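Here is the structure we will look at.
In the working numbering, the protein residues as written are 1 to 451.
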């Protein structure tokens, strides 16, 4: 997407859909105005829902409340110094990550990465289509465990924090214990599950790989009558926690060219308002673009408008989308438009680890800040909907448990519960170790802030 400077403030407009290309100028203006008004109404309605859910229900929120955080270069230096002075067990992983990140930054010369690497404070721009684009650095400095969460408005207490950190460090120091944990997890298989629905002749071509298939009992079932192929199958699994008050997820693969309409049907029917895309810039060939680069695209019965795009510190992009069900409009002589936010993390290549724990946790805080008070499932996808997807969700789940005041912590059991619902969640020992490091980092930062 081309980004150009603008001399003054510009109104935010979206490309008119192709079907109205021949309409009069007045009709086009009316269409734009209606679209912007509808978008504003959706935002106001979402804010009211959040306020209503939070009012008087501090201990019953379904999602965690976190603030986004982006570090500038000075803060990065401060954090690196802090890492050298505290809890050296975490240093090897951080050192390798920081070195890799520095090497990549030195070698990044392609145009897209240079564009994303622009680090300016609150720079507002529009692209050639008039779409709102921003390149910004947030300066919020909240930590993951201090904010009001599902049940515990006061976050993690100091005594429990030290116990959790000791537990995490013991596992990270003892490679034998970590190896044994992973060996046990690798051999774990759920009982009495089948994937026969995914292997039906009409469904098999909808799977990106036959190694990761949804189980029949918890696969997401599409409305067959509304589907472009009169089919109810999509490679996606509904993931829940033992605690019904915890955040639920939908794990799915990156859409294929012929399953993009199915993907948007899943988003619509699940009533999800947030999508997490964990596909990095280096493996875009593994993810067919399911959103418009600018303006509007129609995917069967779903019309998707790209309203704005926010580039945050090279590491992730936040896209605001409007999703409209054209089939519903035709049947009811009206339409419902929903606001969808896509969070796209850019620095996690396939079969590798993210370049920075800090940026991944920052990304998670951004997501959870938006999802506060929502009861809808969070749609997460990577290439197969299991490796990076399961790793991210496990990090999120464990941190939420700690924030909610959990006194017992069994990450291996939590992973087994995920694998009961989606095969091969967390694909490698390195990804499992990443979960431990991320949880330890959150707790360590919390203790440093409150000592």
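For each residue, glycine too, the CB sits at the ideal point set by N, CA and C. Computed from a predicted structure; not experimentally measured.
Near the ligand NAP: residue 346 beta-carbon under 7 Å from a heavy atom: For the structure depicted, the ligand NAP is absent and the ligand set is empty, with no information on it obtainable.
Report the option in 242, 258 and 442 whose CA atom is closest to the CA atom of residue 233. 258
Those residues which DSSP pairs with residue 249 across a bridge: 239 and 378
Note the first and the last residue of the continuous beta strand (DSSP E) segment covering residue 228. No beta strand (DSSP E) holds residue 228; DSSP gives it neither H nor E.
Compute the distance between the beta-carbons of residue 328 and residue 336, then report whether it is under 8 Å. yes
For residue 318 and residue 340, what's the separation of their Cα atoms in angstroms? 10 Å
If you run the structure through DSSP and keep just helix, strand and coil, what is residue 309? strand
Residue 436 classed as buried or exposed, judged by whether at least 16 other C-beta atoms fall within 10 angstroms: buried
Got a sec, what are the start and stop residues for the alpha helix (DSSP H) residue 400 sits in? 387-403
Counting along the chain, where does the alpha helix (DSSP H) carrying residue 344 start and finish? It is not in any alpha helix (DSSP H) - residue 344 instead sits in the beta strand (DSSP E) that spans 337-345.
Could you check the C-alpha separation between residue 403 and residue 171 for me, to the nearest Å? 21 Å
Drop a sphere of 10 angstroms on the beta-carbon of residue 177, count the other beta-carbons inside from all chains shown, and report buried for 16 or more, exposed for fewer. exposed
So, under 8 Å CB-CB, residue 208 and residue 235 are touching, yes? Tell me the CB distance rounded to an integer number of Å. 7 Å
Going by beta carbon distance, what residues of the same chain come within less than 7 Å of residue 286, once the five residues before and after it are set aside? 254, 279, 350 and 383
Residues that residue 302 bridges to, as DSSP identifies them: 299 and 325
Give the single residue among 386, 264 and 411 whose Cα lies nearest to the Cα of residue 395. 411
Same chain, Cβ closer than 7 Å to residue 367, neighbours up to 5 away in sequence not counted: 274, 276 and 343
What distance in whole Å lies between the Cβ atoms of residue 298 and residue 272, which are believed to be in contact at a cut-off of 8 Å? About 20 Å; that fails the 8 Å criterion.
What are the start and end residues of the alpha helix (DSSP H) that includes residue 216? No alpha helix (DSSP H) contains residue 216, which DSSP labels as neither H nor E.
Can you name, in chain order, every residue of its own chain whose Cβ lies under 6 Å from the Cβ of residue 427, other than the five neighbours on each side? 387
DSSP has residue 320 in a bridge; who is on the other side? 308 and 341
Look at the Cβ atom of residue 248, then the Cβ atom of residue 377, and state whether they are nearer than 8 Å. yes
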